[in-house]
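**Student:**
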Amino acid sequence: MAALTEERLTPQRDADRFEFPVAAATKIFRGALVCINASSLATKGAVATTLKCVGIAEETADNSAGAASAITVKVKRGCFPFANSTSTDLIALKDVGSDCYIVDDQTVALTNGGSTRSVAGKIRDVTADGVWVEI
């Protein structure tokens, strides 16, 4: 498409809620990290290098017996608490502002696990509730 040569009325929408088609044989629980995979389908957070974290599931999306894109999942962006990893991957308050990485659909870690994990989001706080991650 060419550059504008006249005014354009550009639509706008809020950037905190989206809906994505779900991968085949996938169940995403409410509150889980939701990612887009290399096939452009929603899946739950897991150890993989090709996932793009897009938020949390607002409701459970059960496509366990379905084909790819048979259902959609409602996703919300924001800042949410997740379980902290352990040992050398434990996230501390000193790590606020850094990226954190997906371990599973509810756990984040400080490192990319030797280049095996995708980014979950930015660490915003660490409390008794968990690691607060902005997605």
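Going by our numbering, the first residue of the sequence shown is number 1, and it counts up by one from there. We treat Cβ as the ideally placed atom computed from N, Cα and C, and that holds for glycine. Predicted model only: the values in this text are computed from it and were never measured.
1. Taking Ser114 as part of the beta strand (DSSP E), name the residues at either end of that continuous run.
2. In the DSSP output, which residue or residues are listed as bridge partners for Arg17?
3. In this structure, does DSSP put Asp89 in helix, strand or coil?
4. Drop a sphere of 10 angstroms on the beta-carbon of Ala32, count the other beta-carbons inside from all chains shown, and report buried for 16 or more, exposed for fewer.
5. Give the secondary structure of Asp104 by DSSP, where H, G and I count as helix, E and B as strand, and everything else as coil.
6. For Ala83, write down the residues that DSSP places opposite it in a beta bridge.
7. Pull up the DSSP beta-bridge partners for Lys27, would you.
8. Does the beta-carbon of Leu110 have 16 or more other beta-carbons within 10 angstroms, so that it is buried, or is it exposed?
9. Helix, strand or coil for Asp95? Go by DSSP, reduced to three states.
10. Whole angstroms is fine: what's the gap from Phe80's alpha carbon to Gly45's?
11. Over what stretch of residues does the beta strand (DSSP E) that includes Ala32 continue unbroken?
12. Can you give the Cα-Cα distance for Ala23 and Lys76, rounded to whole angstroms?
13. With distances taken from CA atoms, which of Glu19, Thr5 and Val126 is nearest Ala70?
14. Taking the alpha-carbon positions, what's the Arg8 to Asp14 distance?
**Tutor:** A quick look at the data gives this:
1. Inspection of the sequence shows that residue 114 is occupied by Gly rather than by Ser. Where Gly114 is concerned, there is no enclosing beta strand (DSSP E), given that its DSSP letter is neither H nor E.
2. Lys76
3. helix
4. buried
5. coil
6. Thr107
7. Asp62
8. buried
9. helix
10. 14 Å
11. Note, Ala32: premise wrong, no beta strand (DSSP E); not H, not E.
12. 18 Å
13. Glu19
14. 19 Å
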